[in-house]
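One structure below.
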Amino acid sequence: MEERLQKVIAKSGYTSRRKAEELIEKGKVKVNGQVVTELGTKVTPKDEITVEGNLIENEELVYFLLNKPRETVSTSSDDLNRKTVVDIIETDKRIFPIGRLDYDTTGLLLLTNDGNLTNILTHPKSNVPKTYLAKLDRIIDMKDFFAIKNGIEIDGRRVNVSHLKIKKKDLKKNTCFVEITISEGRNHIIRRIFETLRYDVVKLTRTHYGFLDLGTLLSGEYRTLTKREIQELYKYGR
């Protein structure tokens with residue numbers, strides 16, 4: 001099956017499609033040892049592609065939805081030899097997580113070897129909504145609830161919250177669960193939202209990523225995405 005050269009490079013995870021086109025035009029890409037500068041060039045899985053001297057693997061694309069357990073790292077490898085999310089998935093493909101969840105944060109995480117889709121979903125313009133369930137160390141005050149709902153400012157930038165709901169209160173233990181949806185992906189952003197108002201997040205789980213949810217997956221379980229789900233995810237790049 002033939003595909004456009006820039007698409008194959010992007011799918012490999014090497015860089016975005018736009019950057020791949022720039023590299024082709026600059027003569028940084030070779031197909032079977034020959035420099036290629038035409039963007040319309042098509043290649044097959046049998047062709048050897050190198051970008052800036054690096055061999056590109058033109059392999060089958062795979063997509064997984066994982067219910068990430070606690071104490072796992074959202075990377076492909078870890079210098080401290082901690083368990084990674086990639087270790088959980090049984091595949092011979094070189095996959096990587098789309099975005100990340102903190103070491104002790106659980107829930108929905110996507111993994112793939114599709115660099116093009118990864119670039120789409122992690123780009124700020126995509127505005128992919130992400131929903132979390134946060135257990136707080138005390139019942140949230142309604143004044144603070146509306147302060148978050150109206151938009152907390154962190155590092156000089158407003159965090160737009162599209163959905164906020166108190167799911168459960170435990171009056172005896174003085175704790176509560178709050179459901180919150182945002183579209184950005186700054187590091188530790190959910191914890192920082194609540195910490196700004198002096199709440200500690202005891203537990204944090206991502207329950208939804210765009211239209212996807214955990215369904216019946218238990219902690220540490222995963223499934224492959226359907227073709228329709230993959231097509232829907234690509235729509236975030238429009």
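To convert, note that position 78 of the sequence shown is 78 in the numbering used here; the numbers rise steadily by one, no gaps.
For each residue, glycine too, the CB sits at the ideal point set by N, CA and C.
Bear in mind the structure is a predicted one, so any value in this text is a computation, not a measurement.
Reduced DSSP secondary structure (H/G/I, E/B, other) of residue i
| i | result |
| --- | --- |
| Gly237 | helix |
| Gly27 | coil |
| Ile9 | helix |
| Ser126 | helix |
| Lys46 | coil |
| Ile166 | strand |
| Glu38 | coil |
| Glu3 | strand |
| Arg223 | strand |
| Ile241 | Residue 241 lies beyond the stretch modelled for the chain, which goes from 1 to 238, so this question has no answer here. |
Delimiting residues of the alpha helix (DSSP H) encompassing residue i
| i | result |
| --- | --- |
| Ile140 | That residue, Ile140, is in no alpha helix (DSSP H); it is neither H nor E in DSSP. |
| Thr181 | Careful: Thr181 lies outside any alpha helix (DSSP H), inside the beta strand (DSSP E) at Thr175 to Ile182. |
| Thr118 | Gly115 to Thr122 |
| Glu195 | Ile189 to Glu195 |
Cutoff 8 Å: residue i Cβ touching any chain D Cβ
| i | result |
| --- | --- |
| Gly13 | Among the chains of the structure shown, chain D does not appear; only one protein chain is present. |
Burial state of residue i, where buried means 16 or more other Cβ atoms lie within 10 Å
| i | result |
| --- | --- |
| Lys26 | exposed |
| Val35 | exposed |
| Asn113 | buried |
| Leu80 | exposed |
| Thr118 | buried |
| Glu21 | buried |
| Thr122 | exposed |
| Thr15 | buried |
| Thr131 | buried |
Residue i: first and last residue of the uninterrupted beta strand (DSSP E) it sits in
| i | result |
| --- | --- |
| Asp87 | Not the beta strand (DSSP E): Asp87 falls in the alpha helix (DSSP H), residues Val85 to Ile88. |
| Arg157 | Arg157 to Val159 |
| Ile154 | Ile152 to Ile154 |
| Lys203 | Val201 to Tyr209 |
| Tyr63 | Tyr63 to Lys68 |
| Thr112 | Thr106 to Thr112 |
CA-to-CA distance, residue j to residue i, given in whole angstroms
| i | j | result |
| --- | --- | --- |
| Lys28 | Asn116 | 19 Å |
| Ile311 | Glu2 | It is not possible to answer for residue 311, since the shown part of the chain is limited to 1 through 238. |
| Ile89 | Arg70 | 15 Å |
| Lys42 | Leu5 | 5 Å |
| Asn127 | Arg82 | 31 Å |
| Ile166 | Leu55 | 51 Å |
| Glu221 | Val85 | 11 Å |
| Thr44 | Ile120 | 24 Å |
| Glu229 | Lys68 | 19 Å |
| Leu111 | Glu179 | 24 Å |
| Pro129 | Ser162 | 8 Å |
| Val8 | Thr75 | 23 Å |
| Lys11 | Pro97 | 14 Å |
| Glu195 | Glu52 | 45 Å |
| Met142 | Lys168 | 14 Å |
| Pro124 | Leu233 | 15 Å |
| Gly237 | Arg18 | 13 Å |
| Leu240 | Gly13 | Past the edges of the chain, shown from 1 to 238, lies residue 240, and the structure says nothing about it. |
| Val73 | Tyr103 | 5 Å |
| Leu101 | Ile189 | 11 Å |
Counting pairs of Cβ atoms below 8 Å between the stretch 101 to 115 and the stretch 205 to 212, do you hit three or more? With a cut-off of 8 Å, the stretch 205 to 212 and the stretch 101 to 115 count as touching, because enough Cβ pairs lie within range.
Segment contact flag, the stretch 218 to 231 with the stretch 62 to 75, C-beta cutoff 8 Å, min 3 pairs: Flag = yes, the stretch 218 to 231 and the stretch 62 to 75 touch.
Is the stretch 132 to 144 touching the stretch 192 to 205 in the sense that three or more CB pairs, one from each, lie closer than 8 Å? Yes: at least three Cβ pairs fall under 8 Å.
Is the stretch 212 to 219 touching the stretch 150 to 159, taking contact as three or more C-beta pairs under 8 Å? The answer is no - the stretch 150 to 159 does not touch the stretch 212 to 219, with fewer than three Cβ pairs under 8 Å.
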